[in-house]
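Beneath this line is the structure, given in structure tokens, with notes to follow.
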Amino acid sequence: MFWFLEELAEKTGHTANIKIIEGVVVAAESFIGELLFFFFSGKIIKRFGYGTTLTVSLFCYGVRMVCISFIQNPWHLVFIEGIMQGPTYALCYATIVGYAAHVAPEGYSATVQGIVAGMDDGLGFAIGSLVGGQLYSWAGGRGAFRVLGGVAVLASAIHAGLFVLVSREKAADKQPSEGIPEGEKMLQEHSNAIYHHTTVPLNGDDKVDR
Numbered sequence: 001m002f003w004f005l006e007e008l009a010e011k012t013g014h015t016a017n018i019k020i021i022e023g024v025v026v027a028a029e030s031f032i033g034e035l036l037f038f039f040f041s042g043k044i045i046k047r048f049g050y051g052t053t054l055t056v057s058l059f060c061y062g063v064r065m066v067c068i069s070f071i072q073n074p075w076h077l078v079f080i081e082g083i084m085q086g087p088t089y090a091l092c093y094a095t096i097v098g099y100a101a102h103v104a105p106e107g108y109s110a111t112v113q114g115i116v117a118g119m120d121d122g123l124g125f126a127i128g129s130l131v132g133g134q135l136y137s138w139a140g141g142r143g144a145f146r147v148l149g150g151v152a153v154l155a156s157a158i159h160a161g162l163f164v165l166v167s168r169e170k171a172a173d174k175q176p177s178e179g180i181p182e183g184e185k186m187l188q189e190h191s192n193a194i195y196h197h198t199t200v201p202l203n204g205d206d207k208v209d210r
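Numbering (UniProt numbering), first residue to last: 1 to 210.
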């Protein structure tokens, strides 16, 4: 992104202020987008669920990339990053780490979250930098951002389709079976809960908490 920004600064006569602009961009990302969405991410995920939230976040990544490809002044990036860093990076990161904690076996939450974060910040950044650099040299700054924007929108559509299919299969599996006594059924876990509490009804008024 800063490669493209510095090239644009040379063409528009903002080279003398480019480091200030880059610093303001990072500040806008951190103190506007990330701060707000990391703070409200729990409520957003609880309201819409992990699948829908991740789908929207991937789509926002596509919008962000395409918007960057059309800027004509380096200062325009400050507004785009301040607005879009939240629903893209912050919300996506909170969703994948939160889901990792949700599905992790008991006692392994920190381990699973660490693996997921490492894949994102380590392997993901490494592959992204390699592919992004090659794409930038081949298609240029604007072309690279537009290609990556299209990939992000396509990934959002694929994720949405897979999410619908998996949700339907889970809904079919959760259909109650007739003839099974209530005392032998366990209450279904809420699919979007971050922290859940289940109760196994027994015969009579006694209940066992799990």
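Ideal Cβ placement from N, Cα and C applies to all residues, glycine included.
Pull up the distance between the alpha-carbon of residue i and that of residue j, whole angstroms please.
i, j, result
"proline 74", "alanine 27", "15 Å"
"histidine 14", "methionine 1", "16 Å"
"alanine 95", "isoleucine 32", "Looking at the sequence shown, residue 95 is not alanine but threonine. Threonine 95 and isoleucine 32: Cα-Cα distance of roughly 19 Å."
"arginine 142", "valine 66", "8 Å"
"valine 164", "phenylalanine 59", "16 Å"
"glutamate 169", "isoleucine 21", "49 Å"
"glycine 42", "phenylalanine 48", "10 Å"
"glycine 51", "alanine 9", "39 Å"
"serine 109", "tyrosine 99", "10 Å"
"aspartate 173", "tyrosine 93", "30 Å"
"alanine 117", "isoleucine 127", "15 Å"
"tyrosine 61", "alanine 152", "6 Å"
"arginine 64", "lysine 46", "24 Å"
"glycine 179", "serine 167", "Reliability of the predicted coordinates at glycine 179 is poor, the pLDDT of 48 falling under 50, and no value is obtained from them."
"leucine 36", "glycine 82", "10 Å"
"glutamate 189", "glutamate 106", "The predicted position of glutamate 189 is uncertain, since its pLDDT is 46 and thus under 50; a value taken from the coordinates is nonetheless stated next. Spanning the two alpha carbons is a distance of roughly 15 Å."
"isoleucine 115", "glycine 133", "26 Å"
"leucine 5", "alanine 171", "48 Å"
"leucine 123", "tyrosine 89", "16 Å"
"isoleucine 44", "threonine 53", "8 Å"
"alanine 160", "alanine 16", "44 Å"
"isoleucine 18", "serine 137", "21 Å"
"aspartate 121", "lysine 11", "33 Å"
"glutamine 113", "serine 30", "22 Å"
"valine 147", "isoleucine 71", "16 Å"
Does residue i come out as helix, strand or coil in the three-state DSSP assignment?
i, result
"glutamate 22", "helix"
"alanine 104", "coil"
"valine 3", "Looking at the sequence provided, one finds tryptophan at residue 3 rather than valine. Here tryptophan 3 sits in helix by DSSP."
"isoleucine 71", "coil"
"lysine 11", "helix"
"glycine 143", "helix"
"lysine 174", "coil"
"glycine 49", "coil"
"residue 211", "Outside the shown range of the chain, which is 1 to 210, sits residue 211, and nothing can be said about it."
"glutamine 85", "coil"
Let me know if residue i comes out buried or exposed under the rule of 16 or more other beta-carbons within 10 Å of its beta-carbon.
i, result
"valine 103", "exposed"
"serine 156", "buried"
"residue 291", "The question about residue 291 has no answer here: the residues shown for the chain are numbered 1 through 210."
"isoleucine 68", "buried"
"valine 131", "exposed"
"glycine 23", "exposed"
"serine 57", "buried"
"methionine 84", "buried"
"leucine 91", "buried"
"residue 219", "Past the edges of the chain, shown from 1 to 210, lies residue 219, and the structure says nothing about it."
"isoleucine 80", "buried"
"lysine 185", "Only weak support is given to the placement of lysine 185: the predicted model assigns it a pLDDT of 46, under 50, and the value that follows is read from those uncertain coordinates. Exposed, since its Cβ has fewer than 16 Cβ neighbours within 10 Å."
"phenylalanine 125", "exposed"
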